[in-house]
Amino acid sequence: MQKVYKFSAKPQAGNVFSGKVYAPGEDEAKLKLQRQGLKIIDISIHFSDTVDLIFRKEPDGRELAQFYKTLSRRMANGGGLEQSLEESQEFTLDTVLAVIVAMMIVAAKNGATIEDCMEFSGLPVRDVSVVKALRQAGDASRGLNDLSVEYRQAYILRKKLKAVFLEPVLTLGLSYFMIWGIFYFAVPRIQKFYSQLPNAKLPAYVQSLYAFVDKFDAHIFVSSALYIALVPAIFVLLKSPIWGYFRDKIPTLRALSERSDHAMIWSSYALLYEAAMNRADAAEMIAKSAKRADSRMALINMAMAMRNGLEPARAVAISGFPKFAHSSVSNSLRSGSANDVTEGLRLFSGNLAEDVELLSERITTYAKFAMYILMGLIVTGVAMITAVPMIQTALHQV
Numbered sequence: 001m002q003k004v005y006k007f008s009a010k011p012q013a014g015n016v017f018s019g020k021v022y023a024p025g026e027d028e029a030k031l032k033l034q035r036q037g038l039k040i041i042d043i044s045i046h047f048s049d050t051v052d053l054i055f056r057k058e059p060d061g062r063e064l065a066q067f068y069k070t071l072s073r074r075m076a077n078g079g080g081l082e083q084s085l086e087e088s089q090e091f092t093l094d095t096v097l098a099v100i101v102a103m104m105i106v107a108a109k110n111g112a113t114i115e116d117c118m119e120f121s122g123l124p125v126r127d128v129s130v131v132k133a134l135r136q137a138g139d140a141s142r143g144l145n146d147l148s149v150e151y152r153q154a155y156i157l158r159k160k161l162k163a164v165f166l167e168p169v170l171t172l173g174l175s176y177f178m179i180w181g182i183f184y185f186a187v188p189r190i191q192k193f194y195s196q197l198p199n200a201k202l203p204a205y206v207q208s209l210y211a212f213v214d215k216f217d218a219h220i221f222v223s224s225a226l227y228i229a230l231v232p233a234i235f236v237l238l239k240s241p242i243w244g245y246f247r248d249k250i251p252t253l254r255a256l257s258e259r260s261d262h263a264m265i266w267s268s269y270a271l272l273y274e275a276a277m278n279r280a281d282a283a284e285m286i287a288k289s290a291k292r293a294d295s296r297m298a299l300i301n302m303a304m305a306m307r308n309g310l311e312p313a314r315a316v317a318i319s320g321f322p323k324f325a326h327s328s329v330s331n332s333l334r335s336g337s338a339n340d341v342t343e344g345l346r347l348f349s350g351n352l353a354e355d356v357e358l359l360s361e362r363i364t365t366y367a368k369f370a371m372y373i374l375m376g377l378i379v380t381g382v383a384m385i386t387a388v389p390m391i392q393t394a395l396h397q398v
């Protein structure tokens, strides 16, 4: 497990400064700093940042996009790397990103290049490769700006996807707590009320449910633990191939999943293509971050085909990509110059993002309608086991 350490150190040339570094342990943190030529004065664990790092392995996409944009502007205006990083750090609100920037500053004080600083701080290999290629071409700031645009688009896309399921999740969460409350608080009181009525007769389905609730309440700690365990079990199910299989049986959900994945895939590929990275290596690198298993397999097949001598356009056509992807991407890869290719891939990625927005709106409408039906069924179900039996019993007493 990675931990965050705060330290004070003195570089080989310069004044004592404070910073942060993450590592599995204190010895590893000291070794990292010493390799950068620092003389450590003091080092200790930073508890709050360590806790944050446990729950968030990566910085917020919007914050990272803004950091890249700010750093790009400062470097384009002639700012030195170390100074630009220190000035960018002042506007960094994300704690995970703040540690990354602090580590970049450590490397910069040792005279490292921008890509070496990024690699030392643990930023994605793809980002490092893009900036390295463009720095060698004399335009590191453009690489940072391209990354900023790509991260911002990815953030907006993920935000739209989350919004699709926000209302259903909130509705189901409310229902989840309401059912437990009915079992533990409402039903025992209703049973007590019935027990005080002469000749009270409950419907058979209510008697069966109340018998189950009696067992639930008799072992409330075990029952509650099992009930709470439903939440992580559902999360595990949603992350499993089983959910993916059933999700893909619904055309609209499959289209949303495929297009959102490919919007990010080809935006990333355009970045690496523009940076003149080896085409097969680029496909393999992007495969590691693809969300869908079939996307990952198609990218790996594409890399293998290119290593076997096929042109990128032909490799895409035979690698198992969806029809909407392989035709458009193949045409873009045949378009001529590197600028034409990257422009075509980015245009295609943008079109997919628009498709995702339309599909999101459609699914949100369906989800709201389904939630209204579900809430109606829940309210009806609660009434059938509480109010309706009470009304029936009261009428029977008349």
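In this text, residue positions in the sequence shown follow UniProt numbering: the first is 1, and each later residue adds one.
In this text, a Cβ means the ideal position worked out from N, Cα and C, and glycines have one as well.
| Asked | Found |
| --- | --- |
| Report yes if the C-beta distance between residue 315 and residue 305 is below 8 Å; otherwise report no. | yes |
| Straight-line CA distance for residue 268 to residue 385? | 55 Å |
| Can you tell me whether residue 52 is helix, strand or coil according to DSSP? | helix |
| Run through DSSP, which three-state label would residue 318 get? | coil |
| In the DSSP assignment, what are the bridge partners of residue 4? | 22 |
| Would residue 323 be called buried (16 or more neighbouring beta carbons within 10 Å of its own) or exposed? | exposed |
| Ignore the nearest five residues each way along the sequence and tell me which others in residue 145's own chain have a CB closer than 6 Å to its CB. | 72 |
| Shortest alpha-carbon distance to residue 288 belongs to which of 184, 125 and 257? | 125 |
| Using the beta-carbon count (16 or more within 10 Å), is residue 12 buried or exposed? | exposed |
| Could you check what DSSP says for residue 139 in three-state terms: helix, strand or coil? | coil |
| Quick check on DSSP: helix, strand or coil for residue 42? | strand |
| Please state whether the Cβ-Cβ distance between residue 352 and residue 259 is less than 8 Å. | yes |
| Among 203, 184 and 194, which residue has its Cα nearest to the Cα of residue 214? | 184 |
| Look at the alpha carbon of residue 319 and the alpha carbon of residue 170, and state the distance between them as a whole number of angstroms. | 40 Å |
| For residue 155 versus residue 275, is the C-beta distance shorter than 8 Å? | no |
| Is the CB-CB distance between residue 106 and residue 119 below 8 Å? | no |
| Can you tell me whether residue 272 is buried or exposed? The criterion is at least 16 other CB atoms within 10 Å of its CB, across all chains shown. | buried |
| Counting only the same chain and skipping the five closest in sequence on each side, list residues whose C-beta sits under 8 Å from that of residue 220. | 184 |
| State the Cα-Cα distance for the pair residue 294 and residue 321, rounded to the nearest angstrom. | 8 Å |
| Using the Cβ count rule (16 or more neighbours within 10 Å means buried), how would you classify residue 42? | exposed |
| Can you give me the start and stop residues for the alpha helix (DSSP H) that residue 105 sits inside? | 95–109 |
| Classify residue 162: buried if its beta carbon has 16 or more other beta carbons within 10 angstroms, exposed otherwise. | exposed |
| Between the Cα of residue 210 and those of 196, 5, 197 and 190, spot the shortest distance and give me the residue it belongs to. | 190 |
| Under the DSSP definition of a beta bridge, which residues are partnered with residue 9? | 17 and 40 |
| Closest to residue 61 by CA distance: which of 238, 97, 192 and 313 is it? | 97 |
| What is the DSSP secondary structure of residue 66, reduced to helix, strand or coil? | helix |
| Classify residue 276 as helix, strand or coil using the three-state DSSP reduction. | coil |
| Alpha helix (DSSP H) containing residue 357: first to last residue? | 338–385 |
| Taking the beta carbon of residue 49 as the centre, do at least 16 other beta carbons fall within 10 Å, making it buried, or is it exposed? | buried |
| Measure the alpha-carbon distance for residue 92 versus residue 150 and round it to whole angstroms. | 19 Å |
| Taking residue 360 as the reference, which of 383, 195 and 160 has the closest Cα? | 160 |
| By the DSSP assignment, the alpha helix (DSSP H) with residue 307 in it spans what residues? | 293–307 |
| Nearest by alpha-carbon distance to residue 383: which of 277, 206 and 45 is it? | 206 |
| Nearest by alpha-carbon distance to residue 389: which of 327, 225 and 187 is it? | 187 |
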